[in-house]
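Enquirer: Keeping their order, the protein sequence lines are chains A and B.
Quick note: the first sequence uses our numbering, first residue 1, plus one each step.
Quick note: the second sequence uses our numbering, first residue 207, plus one each step.
From the three backbone atoms N, C-alpha and C, an ideal C-beta is built for every residue, glycine too.
Quantities reported herein were computed from a predicted structural model and do not represent experimental measurements.
Quick one: the structure is below, and I'll ask about it shortly.
Number of protein chains: 2
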Amino acid sequence: MPSRAKVGVRLPPVNPDDAGHAEVRARILDTACRLFYARGVRAVGVDLIVAEAGVAKTSLYRHFGTKDDLVAAFLKREDEDFWSHWDGVRDAHPGDALGELKAQLDWIGERVARADYRGCPQINVAAEFPEREHPARKVAAAHKRALRDRLAEIAQGLGVARPDELAGQLSLLINGGFVSADALKPGEATAMLQAAARSLIEAGRR
Amino acid sequence: MPSRAKVGVRLPPVNPDDAGHAEVRARILDTACRLFYARGVRAVGVDLIVAEAGVAKTSLYRHFGTKDDLVAAFLKREDEDFWSHWDGVRDAHPGDALGELKAQLDWIGERVARADYRGCPQINVAAEFPEREHPARKVAAAHKRALRDRLAEIAQGLGVARPDELAGQLSLLINGGFVSADALKPGEATAMLQAAARSLIEAGRR
DNA sequence: ATATGCGTACAGACCTGTCTGTTTCTCGGA
DNA sequence: TCCGAGAAACAGACAGGTCTGTACGCATAT
Chain A
1 MPSRAKVGVR LPPVNPDDAG HAEVRARILD TACRLFYARG VRAVGVDLIV AEAGVAKTSL
61 YRHFGTKDDL VAAFLKREDE DFWSHWDGVR DAHPGDALGE LKAQLDWIGE RVARADYRGC
121 PQINVAAEFP EREHPARKVA AAHKRALRDR LAEIAQGLGV ARPDELAGQL SLLINGGFVS
181 ADALKPGEAT AMLQAAARSL IEAGRR
Chain B
207 MPSRAKVGVR LPPVNPDDAG HAEVRARILD TACRLFYARG VRAVGVDLIV AEAGVAKTSL
267 YRHFGTKDDL VAAFLKREDE DFWSHWDGVR DAHPGDALGE LKAQLDWIGE RVARADYRGC
327 PQINVAAEFP EREHPARKVA AAHKRALRDR LAEIAQGLGV ARPDELAGQL SLLINGGFVS
387 ADALKPGEAT AMLQAAARSL IEAGRR
């Protein structure tokens, strides 16, 4: 991967107005996301991706340049999907920070309990790639900062003494949920997250 | 790795009473632990391990059988080191569950803040290997169960209404700390863990 | 005609695990 | 005390496979 990347001639840029073009790109990214998440990034070769996506390897490299960039695109999509879900829930609870937080923990707990859940993709990729400058690592770092920011927004509306402190504690809790899936009994996650969050908020109000 | 493992003839067993023999084994394991943790398991080949350890590849395979077994031995050693540290701290606080918990969170927070910290090895390996039957995954799963058990012991001594529930919450918190190192400002981890644990305990007492 | 796609072959590197051959060390018996 | 057997170490080549990324030929569509 990074150590093996070559500096050869890049393929020419593509025309983003082409519908079929976007369709091929989407098929590659869909397949890559599925395989990367289910099996781990380093365990999945580009040959497998192109075979399952039904595209040519040239197309993959035309659209994504290197495998490292494809990994970054994978995390970027996961990031977008995550916040899209989150913001949908947020917008359903205007002016009700406590209700919003409960709803956020609900779907997170549900997701963690799925049979095919294999941890947070951002954390998993960070575990696989030690280089902090890896393009995917930058996406992952931004994602975790964003989580803390979103939680700070909620904490602001909760009327606690030190909202940033609570946001940090809640982020630990949620990240802990992400990585503890297989140490938890089925369905245990949601209740545990809810109860812990309730305790942290209560204590923060005094 | 698992898919590539062959069923060839095994080398004969070794004599465990031999001092030089144990020394070679230790050199291999020391080197493997260092490299696996710093760079990730899949990124480190056995050729690199034998080169850095200054041993022959035959020795590695004589002692560990396969790379997968070496990975499991890596996690086993990390597990032993972790509990050795933990139990030392525990034994320094007999009959004082609250003091012990604070002390445990202190050294964990300090460890997480180190410059070369790269997450919990057990969690990292679980992220790299999707197969739940992988020998290293079994070690990791046992480690996480043990964490919850140790926390349950502490919670028992804390006089809370539902100690098992608190232990689960604390395990989420600690695992969250393990994976949140690079989203935290330097030195922030310990205070955040301590404050959150205090809140969870307080709430559990009512 | 140009851009994009598919399919396939290829280069060069790396991977795990095995094999061969030599060296070093210990230990039991003459 | 010397000798030979056996265990285990070292060194390095090798097999067979996988990896990323490039190149080449041909089809298609605008």
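Whose CA, out of A:F178, A:E80 and A:G45, lies closest to the CA of D68 (chain A)?
Expert: D68 (chain A) has its Cα closest to that of A:G45, out of A:F178, A:E80 and A:G45.
Enquirer: From K57 (chain A) to G177 (chain A), what distance separates their C-alpha atoms?
Expert: Answer to the nearest angstrom: the Cα atoms are 37 angstroms apart.
Enquirer: So, with DSSP's three-state summary, where would you put V345 (chain B)?
Expert: Of the three classes helix, strand and coil, the one that applies to V345 (chain B) here is helix, per DSSP.
Enquirer: Is DSSP giving T66 (chain A) helix, strand or coil here?
Expert: T66 (chain A) falls in the coil class under three-state DSSP.
Enquirer: If you compare alpha carbons, which of B:L266, B:R248, B:A347 and B:A249 is closest to V256 (chain B)?
Expert: When each option's Cα is compared against that of V256 (chain B), the closest is B:L266.
Enquirer: Hey, could you find the ends of the alpha helix (DSSP H) G413 (chain B) is sitting in?
Expert: This structure does not reach residue 413 (chain B), given that chain B is present from 207 up to 412, and the question cannot be answered.
Enquirer: Runs of 4 residues minimum, wholly inside the stretch 283-354 of chain B: which ones carry the alpha helix (DSSP H) assignment?
Expert: Within the stretch 283-354 of chain B, the complete alpha helix (DSSP H) runs of at least 4 residues are 303-318 and 327-334.
Enquirer: For V179 (chain A), decide whether its Cβ has a neighbour in chain B, counting only Cβ atoms nearer than 7 angstroms.
Expert: Yes, because at least one Cβ of chain B sits closer than 7 angstroms to the Cβ of V179 (chain A).
Enquirer: Name, going along the chain, the residues of the stretch 173-206 of chain A whose beta-carbon falls closer than 8 angstroms to a beta-carbon of chain B.
Expert: The stretch 173-206 of chain A vs chain B, Cβ under 8 angstroms: L173, I174, N175, G176, G177, F178, V179, S180, D182, A183, L184, E188, M192, L193, A195, A196, R198, S199, L200, E202, A203 and G204.
Enquirer: In three-state DSSP terms, what is K185 (chain A)?
Expert: Three-state DSSP puts K185 (chain A) in coil, outside helix and strand.
Enquirer: Using 10 angstroms around the beta-carbon of G40 (chain A), count the other beta-carbons present and answer buried if the total reaches 16, otherwise exposed.
Expert: Flag for G40 (chain A) reads buried.
Enquirer: Does DSSP put G159 (chain A) in a helix, a strand or coil?
Expert: Correct three-state label for G159 (chain A): coil.
Enquirer: What are the boundary residues of the alpha helix (DSSP H) that includes V46 (chain A)?
Expert: That run of the alpha helix (DSSP H) goes V46 to A53.
Enquirer: Please work out which residues of its chain come closer than 8 angstroms, Cβ to Cβ, to P222 (chain B), disregarding the five sequence neighbours upstream and downstream, and give them in chain order.
Expert: Here P222 (chain B) scores only 40 on pLDDT, less than 50, and its place in the model should not be relied on; the value that follows carries that caveat. Result list for P222 (chain B): A228, in chain order.
Enquirer: Mapping DSSP to helix, strand and coil, what is A32 (chain A)?
Expert: Reduced to three states, the DSSP call for A32 (chain A) is helix.
Enquirer: Of all Cβ atoms in chain B, is any one closer than 7 angstroms to the Cβ of E252 (chain A)?
Expert: Residue 252 (chain A) falls outside the range modelled here, since chain A spans only 1 to 206, and no answer is possible.
Enquirer: Does the Cβ-Cβ distance between P121 (chain A) and E78 (chain A) come in under 7 angstroms?
Expert: Taking 7 angstroms as the Cβ cut-off, P121 (chain A) and E78 (chain A) qualify as a contacting pair.
Enquirer: Kindly indicate which residue of A:N124, A:R132 and A:A155 has the alpha-carbon position closest to the one of G95 (chain A).
Expert: Considering only alpha carbons, the answer is A:A155.
Enquirer: Taking the alpha carbon of K391 (chain B) as the reference point, which residue from B:A319, B:H340 and B:P341 has its own alpha carbon closest?
Expert: K391 (chain B) has its Cα closest to that of B:A319, out of B:A319, B:H340 and B:P341.
Enquirer: Taking buried to mean at least 16 other C-beta atoms within 10 Å of its own C-beta, is H316 (chain B) buried or exposed?
Expert: In the sequence on display, residue 316 (chain B) carries Glu and not His. With fewer than 16 Cβ atoms within 10 Å of its Cβ, E316 (chain B) is classed as exposed.
Enquirer: Return yes when the Cβ of A342 (chain B) is within less than 7 angstroms of the Cβ of L281 (chain B), no when it is not.
Expert: In this structure, A342 (chain B) lies closer than 7 angstroms to L281 (chain B) by Cβ.
Enquirer: Could you tell me whether any Cβ in chain A is nearer than 7 angstroms to the Cβ of G325 (chain B)?
Expert: So yes, G325 (chain B) belongs to the interface.
Enquirer: In angstroms with no decimal places, state the Cα-to-Cα distance between T396 (chain B) and I28 (chain A).
Expert: Cα to Cα, the separation comes out at about 43 angstroms.
Enquirer: Taking buried to mean at least 16 other C-beta atoms within 10 Å of its own C-beta, is G294 (chain B) buried or exposed?
Expert: It is exposed - the Cβ of G294 (chain B) has fewer than 16 other Cβ atoms within 10 Å.
Enquirer: Could you give the DSSP three-state label for S209 (chain B): helix, strand or coil?
Expert: Reliability fails at S209 (chain B), whose pLDDT of 37 lies under 50, so the model's placement of it is uncertain and the value that follows must be treated cautiously. S209 (chain B): helix per DSSP, three-state reduction.
Enquirer: Where D164 (chain A) and L276 (chain B) are concerned, what is the direct C-alpha to C-alpha distance, given to the nearest angstrom?
Expert: About 43 angstroms.
Enquirer: What three-state label does DSSP hand S405 (chain B) in the structure shown?
Expert: In this structure, S405 (chain B) counts as helix in the three-state DSSP scheme.
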